[in-house]
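A short worksheet on the structure shown next.
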Amino acid sequence: MKILIVEDEIELQKVVQQSLEKEKYLVEFANNYASALDKIIGFDYDCILLDINLPDGSGMDLLREIKKLHKQDAVIIVSAKDSVDDKVEGLNLGADDYLAKPFHLAELHARINSAIRRNNQHGEKYIIFKNVKINPEDRNVFVNDVLINLNRKEYDMLYYFMIRPGKTLQKTTLAESIWGDHIEDADSFDFIYSQIKNLRKKLKQSNAEIDFQAVYGIGYKLV
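As structure tokens, then:
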């Protein structure tokens with residue numbers, strides 16, 4: 040899962056990034072309005088941590104832009120301004136949560152998990168498709184209630200498909216969402232085929248009732 044941190048306090052940014060990466064999140068960051076908007080336009084995120092006070096603009100204005108773009112990313116406002124008016128404005132604009140600074144990292148993790156669950160899983164603890172079940176909180180995958188062993192990227196890819204069953208996903212979208220925006224430097228997307236092949240083999244060995252269908256010239260979909 041991919042998180043964008045929009046924060047101009049570099050030390051706080053680093054602490055949050057390191058903490059989230061320990062939890063197996065793919066983390067990107069922007070320290071001003073312009074770079075944040077550029078990333079949000081170009082990429083999709085599971086959750087955006089959004090500071091209100093940015094050196095070149097307002098986080099509230101950035102939230103307005105996110106909603107104008109009809110982005111589905113969960114948004115948590117993280118701000119030193121712990122005022123009722125700011126909370127009400129942020130939530131009315133479509134933020135999923137509001138967390139005041141300073142905060143405990145454990146609480147931040149819980150808020151992120153909750154926001155992503157509400158956004159992608161309709162509030163349910165598990166994501167289920169056919170006989171495959173994912174528990175995002177502990178990153179476990181079950182087939183017929185039997186745990187299967189996936190590496191980090193295999194899990195991330197399966198999760199991305201499981202919340203979009205039947206939808207054709209472009210290779211570029213998969214690459215950006217699972218490997219990050221630095222994937223633009225890649226010469227090809229052959230590694231996606233390799234990941235799909237390995238994941239398909241593990242699912243088949245576990246008697247999963249799902250499979251990845253190649254859509255010629257575009258990408259793949261989960262069927």
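Each residue of the sequence shown is one higher than the one before, counting from 40 in the numbering used here. Where is the CB? At the ideal position from N, CA and C, for every residue including glycine. If you're wondering where the values come from, they're calculated on a predicted model, not measured in any experiment.
Where does E146 land, buried or exposed, given buried means 16+ other C-beta within 10 angstroms? exposed
Using only the alpha-carbon positions, how far apart do E50 and V262 sit? 44 Å
Buried or exposed by the 16-neighbour rule on C-beta atoms within 10 Å, applied to L186: exposed
Give every residue of the same chain whose Cβ lies closer than 6 Å to the Cβ of E46, excluding the five residues on either side of it in the sequence, and list them in chain order. Q52, D90
From F200, V117, P141, residue whose alpha carbon lies closest to that of D135: If you compare the alpha carbons of F200, V117, P141 with that of D135, the shortest gap goes to V117.
Alpha-carbon spacing of L138 relative to D229, whole angstroms: 40 Å
Please give the ranges of any alpha helix (DSSP H) in the region 93-163, keeping only runs that are unbroken, at least 4 residues long and fully inside the region. 98-107, 123-131, 144-160
Span of the beta strand (DSSP E) holding N174? 171-174
State the DSSP-derived secondary structure class of G256, mapped to helix, strand or coil. coil
Start and end of the beta strand (DSSP E) containing L186? 185-187
Confirm, please, whether the CB-CB distance from A73 to D292 is below 8 Å. Absent from the structure is residue 292, since the part of the chain shown begins at 40 and ends at 262.
Assigned secondary structure, F228 (DSSP; H/G/I helix, E/B strand, else coil): coil
Which residues does DSSP pair with V182 in a beta bridge? V171, V185
If we count the other Cβ atoms within 10 Å of its Cβ and call it buried at 16 or more, is F142 buried or exposed? By the Cβ-count criterion, F142 is exposed, with fewer than 16 other Cβ atoms from all chains shown falling within 10 Å of its own Cβ.
Alpha carbon to alpha carbon, how far is K140 from A119? 5 Å
Per DSSP, F68 is paired with what? I44
Euclidean distance between Cα positions of L197 and F68: Looking at the two C-alpha atoms, the distance is approximately 24 Å.
With distances taken from CA atoms, which of A113, D125, S216, Y255 is nearest S97? That would be D125, whose Cα lies nearest to the Cα of S97.
Selected residue, minimal CA-CA separation from N246, among P204, N70, I155, D184: D184
Could you tell me the boundaries of the beta strand (DSSP E) in which I87 lies? Taken as a continuous stretch (DSSP letters only), the beta strand (DSSP E) holding I87 covers 86-89.
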